[in-house]
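Heads up: the sequence shown begins at 1 in UniProt numbering, then just goes up one per residue. Take a look at the structure below.
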Amino acid sequence: MRAGVRIVAAGINDNYEIKAEGLLPNTTYHYTAYLDLGNGTVYGEDRTFTTAPADFNPDTDLVDLGLSTKWAKYNVGATDEKQLGGLFGFGDMTGFQTSINLEDYASADIYKTDRDVANKVYGSWVTMPTIDEFEELFTECKKEWVEDTENHVAGYKFTGPNGNSIFLPAAGTRTQGNVSGEGLNGYYLSGSINATDNRFAMAYSFDQNVARRTSTPVYQALAIRPVSVAKNVKFDKEKLYNTWEFDLKPDESHYKFVGPVFFYGKDASWASYTNNQPVVGETTGWDADYASIKSWAITDPSHCNGTMTFYKDEDGNDKVKVHQVQLMVLIRILKVHLPLMRRIRQSQ
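This is how it looks when you write it as structure tokens:
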């Protein structure tokens, strides 16, 4: 308790209030009153309180800037964009960790892990950004330094390629219990460790004149702005350049594959690679029947009735080639021509 962040009251009347900012949703905090006598400190009894659950809506609290990911409207520990939110060390799950012991912090990438505070407090909708996503935000968006005198906050307004915008306040930084730079400097933590020295985490810092990628000690507490777990993946037609199988019944209806396919391991699945979802454990999926004599997905003989290949020819033209459709073509021919042949035969 005595090692936590100290919040100083404006006065010591019989009744006084303390305003603690940057609190996380659905979190229990311990606190105690204290009186600094100069030559010693007197502490009161230990008390607790629990904050309300997060009211996070991915449809309204995430902003599409036209980048590779959507950005949250506000910082972790805030409820609107003008609030500074909390300051967090690398892997700090409370925002009130004041230790400078490296062992108390993470030493590897933490986004989409149990040390990702954004992912924990707002569910699986968001995660801490990577340093590359910060780089994209600062290089692809129009930046405008804004000073809001009414709310006593300053920072950058980012306007994306599609015209939408977010605001990042200059929330400052904290080392142990000492906060500095509020309203002047923005330090934002990524989920990326410094690849050459894991005593440092990758971050982005800015003031009114300069913005740059940097690295900070893992115990230095910075602001966190979450990003969406789901990514905006640009359509790449070359990913279609492959051979795709037709799995149709003779009546042209689709087979239903019972599966399942089990992914051994914790990082090899379409969910993590294609959808960039958090890796939460081993997963089970279903795979299409491959064109072989016997299918391992289902025990019946193979149901491949053809393949379609998309490719680019020597002149750079997109092409499609269809193979092994004789059975389906024959069925279609018979469906069309047999009734006609019967009518001709009857007329004779």
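For each residue, glycine too, the CB sits at the ideal point set by N, CA and C.
- Task: Give me the Cβ distance between E133 and S68, rounded to the nearest whole Å; I'm assuming they're in contact under 8 angstroms.
- Result: As a working note, residue 133 is residue 133 in the sequence shown. As a working note, residue 68 is residue 68 in the sequence shown. That belief holds up - the Cβ atoms of E133 and S68 are roughly 7 angstroms apart, short of 8 angstroms.
- 3 or more residues per run - each beta strand (DSSP E) lying fully within the region 120–149: Within the region 120–149, the beta strand (DSSP E) runs of at least 3 residues that lie entirely inside it are, in chain order, 142–148.
- Task: Counting only the same chain and skipping the five closest in sequence on each side, list residues whose C-beta sits under 6 angstroms from that of I131.
- Result: In the sequence shown, counting from the first residue as 1, residue 131 sits at position 131. Excluding residues within five positions, the ones whose Cβ falls inside 6 angstroms are S190, S192, M202.
- Taking all protein chains shown into account, decide if P161 is buried (16 or more other Cβ within 10 angstroms of its Cβ) or exposed. Residue numbering aside, residue 161 sits at position 161 when the sequence shown is read from its first letter. Looking at its Cβ environment, which holds fewer than 16 other Cβ atoms inside 10 Å, P161 is exposed.
- Item | Which listed residue (E135, E136, Y111) has its alpha carbon closest to that of S124 | To locate residue 124, count along the sequence shown from 1; it is residue 124. Looking at the Cα atoms, Y111 is the closest of the given residues.
- Message: If contacts are defined as beta-carbon pairs under 8 angstroms, then G186 and V153 qualify, I think. What distance do you get, rounded to the angstrom?
- Response: Within the sequence shown, the letter at position 186 stands for residue 186. Within the sequence shown, the letter at position 153 stands for residue 153. About 11 angstroms separates the beta carbon of G186 from that of V153, a gap too long to meet the 8 angstroms contact definition.
- Task: Check whether the Cβ atoms of Y105 and Y34 sit closer than 8 angstroms, and answer yes or no.
- Result: One-based indexing of the sequence shown puts residue 105 at position 105. One-based indexing of the sequence shown puts residue 34 at position 34. No Cβ-Cβ contact shorter than 8 angstroms links Y105 with Y34.
- Item | Distance CB(S165)-CB(N194) smaller than 8 angstroms | Here residue 165 refers to the residue found at position 165 of the sequence shown. Here residue 194 refers to the residue found at position 194 of the sequence shown. Cβ distance not < 8 angstroms, so S165 and N194 don't count as in contact.
- Message: Let me check one thing: in DSSP terms, what residues is S180 bridge-paired to?
- Response: On the sequence shown, position 180 is the one that residue 180 refers to. In DSSP, S180 forms a bridge with T173.
- Rounded C-alpha distance that separates H30 from A20: As a position in the sequence shown, residue 30 is number 30, starting the count at 1. As a position in the sequence shown, residue 20 is number 20, starting the count at 1. In a straight line, the C-alpha of H30 is about 12 angstroms away from that of A20.
- Are the beta-carbon atoms belonging to F167 and L65 less than 8 angstroms from one another? The residue given as residue 167 occupies position 167 in the sequence shown. The residue given as residue 65 occupies position 65 in the sequence shown. No; because the gap between Cβ atoms is not below 8 angstroms, this pair is not in contact.
- Query: Of the choices G85, N15, S99, V63, whose alpha-carbon is the least far from that of residue 372?
  - Reply: Look at the range of the chain in this structure, 1 to 348, and you will see that residue 372 is not part of it.
- Query: For Y204, which residues does DSSP report across the bridge?
  - Reply: As a first step, residue 204 is located in the sequence shown; it is residue number 204 there, counting from the start. Y204 pairs with Y188, R213.
- Message: If you follow the beta strand (DSSP E) that T159 is in, where does it begin and where does it stop?
- Response: Your numbering for residue 159 matches position 159 in the sequence shown. Counting along the chain, the beta strand (DSSP E) containing T159 begins and ends at 153–159.
- Message: For T175 and F310, what's the separation of their Cα atoms in angstroms?
- Response: By one-based count along the sequence shown, residue 175 stands at place 175. By one-based count along the sequence shown, residue 310 stands at place 310. When rounded, the distance between both Cα atoms is 56 angstroms.
- Under the rule that 16 or more other beta-carbon atoms within 10 Å means buried, what is N151, buried or exposed? As a working mapping, residue 151 is identified with position 151 in the sequence shown. Classification for N151: exposed.
- Message: If you measure between the beta carbons of L240 and F88, is that distance less than 8 angstroms?
- Response: The residue labelled residue 240 in the question sits at position 240 within the sequence shown. The residue labelled residue 88 in the question sits at position 88 within the sequence shown. F88 sits away from L240, with the two beta carbons spaced by 8 angstroms or more.
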